[in-house]
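Chemist: Take a look at the following structure, please.
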Amino acid sequence: MRALAAIALVALLAACAPGPHRGVPVLQGQAGVPVVVLMPVDVELYEITAGGMVEPKGEWTDRARPAVETALARFKNSRGIGFRNLGGVGDTETRDLILRTIRLHGAVGQAIAIHRFSPGQTLPSKRERFDWSLGAEVAPIGRAQRADYALFVHLHDSYSSGGRVAMAVAASVLTLGRAYIQMGRQEGFASLVDLRTGEIVWFNRLLESAGGDLRTPEGAGRTIAALLQDFPR
Numbered sequence: 147m148r149a150l151a152a153i154a155l156v157a158l159l160a161a162c163a164p165g166p167h168r169g170v171p172v173l174q175g176q177a178g179v180p181v182v183v184l185m186p187v188d189v190e191l192y193e194i195t196a197g198g199m200v201e202p203k204g205e206w207t208d209r210a211r212p213a214v215e216t217a218l219a220r221f222k223n224s225r226g227i228g229f230r231n232l233g234g235v236g237d238t239e240t241r242d243l244i245l246r247t248i249r250l251h252g253a254v255g256q257a258i259a260i261h262r263f264s265p266g267q268t269l270p271s272k273r274e275r276f277d278w279s280l281g282a283e284v285a286p287i288g289r290a291q292r293a294d295y296a297l298f299v300h301l302h303d304s305y306s307s308g309g310r311v312a313m314a315v316a317a318s319v320l321t322l323g324r325a326y327i328q329m330g331r332q333e334g335f336a337s338l339v340d341l342r343t344g345e346i347v348w349f350n351r352l353l354e355s356a357g358g359d360l361r362t363p364e365g366a367g368r369t370i371a372a373l374l375q376d377f378p379r
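First residue of the sequence shown? That's 147 in the working numbering, and the numbers climb one at a time after it.
The structure is reproduced here in structure tokens:
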């Protein structure tokens with residue numbers, strides 16, 4: 147059972163009402179069929195203790211990562227687009243660039259989820275148009291990978307400990323159901339980035355009801371299917 151991470155960002159994401167994402171009807175490739183490189187997935191799982199502390203769980207993350215990657219591979223094989231995995235990242239400089247870009251995407255994606263979809267949080271400069279970018283730093287990735295676009299996937303999830311579950315049950319019994327210990331949700335979003343400009347040309351966030359348990363192949367598959375269901379062709 148998931149428990150709500152006690153951080154303001156997750157609370158804001160939880161309050162987001164469903165809304166449209168940016169989409170492009172046709173992807174444009176420099177050499178005909180567009181090439182999309184799959185960036186390493188940003189997956190992190192946490193446990194919520196009985197006292198509400200949020201603790202990273204490496205064992206759970208290690209189970210979730212290959213499950214998500216397998217789901218992405220199935221998605222990739224189902225599309226008539228030139229998907230490819232990231233390659234040639236053996237040197238330190240390239241690895242650092244990839245890690246910086248993934249962290250940047252996480253920060254920008256969180257900003258989009260808040261300022262695009264949260265009531266009253268829309269930025270005046272972005273009210274009439276979807277205008278978000280990772281900047282020129284992504285251009286070397288496109289050149290090195292010979293790719294037109296990059297697909298970024300960000301999935302963070304939290305699950306309650308046995309003590310947390312017991313506390314919730316006891317609180318409910320003692321207060322005749324009036325006490326409520328908040329349960330959590332996945333924080334998930336994906337972006338398609340034009341590697342020539344850094345522009346985010348498509349973005350979607352995961353609604354809580356659509357996701358599954360990332361620690362299982364079935365749950366990871368359901369999550370990826372929901373997150374990428376409207377991916378442009």
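The beta-carbon is built from N, C-alpha and C at its ideal position, and this holds for glycine as well.
How long is the line joining the alpha carbons of A210 and D237, rounded to whole angstroms?
Modeler: Here residue 210 corresponds to residue number 64 of the sequence shown, with the count starting at 1. Here residue 237 corresponds to residue number 91 of the sequence shown, with the count starting at 1. Cα to Cα, the separation comes out at about 26 Å.
Chemist: I'd like to check one pair, G334 with L352: are the Cβ atoms closer than 8 Å?
Modeler: As a position in the sequence shown, residue 352 is number 206, starting the count at 1. As a position in the sequence shown, residue 334 is number 188, starting the count at 1. Cβ distance < 8 Å, so L352 and G334 count as in contact.
Chemist: Specify, as a first and last residue, the run of the alpha helix (DSSP H) that E364 falls within.
Modeler: Residue numbering aside, residue 364 sits at position 218 when the sequence shown is read from its first letter. E364 -> alpha helix (DSSP H) spans P363 to L373.
Chemist: Between the C-alpha atoms of R262 and G344, what's the straight-line distance to the nearest angstrom?
Modeler: Locating residue 262 in the sequence shown gives position 116, counting from the first residue. Locating residue 344 in the sequence shown gives position 198, counting from the first residue. Cα to Cα, the separation comes out at about 19 Å.
Chemist: Return the chain-ordered list of same chain residues with a C-beta closer than 6 Å to the C-beta of W206, the five sequence neighbours on each side being excluded.
Modeler: Reading the sequence shown from its first residue, position 60 is the one you call residue 206. The residues are L191 and R361.
Chemist: Note the first and the last residue of the continuous alpha helix (DSSP H) segment covering R220.
Modeler: By one-based count along the sequence shown, residue 220 stands at place 74. Note, R220: alpha helix (DSSP H), G204 to N223.
Chemist: For L245, is the classification buried or exposed, using 16 other Cβ atoms within 10 angstroms of its Cβ as the cut-off for buried?
Modeler: Translated into positions along the sequence shown, residue 245 becomes position 99. By the neighbour-count rule (16 or more Cβ atoms within 10 Å), L245 is not buried but exposed.
Chemist: Buried or exposed for M185, please, with buried defined as at least 16 other CB atoms from any protein chain shown within 10 angstroms of its CB.
Modeler: Residue mapping note: residue 185 aligns to position 39 of the sequence shown, counting from 1. Label assigned to M185: buried.
Chemist: Taking the alpha-carbon positions, what's the A371 to A217 distance?
Modeler: Your numbering for residue 371 matches position 225 in the sequence shown. Your numbering for residue 217 matches position 71 in the sequence shown. A371 and A217: Cα-Cα distance of roughly 8 Å.
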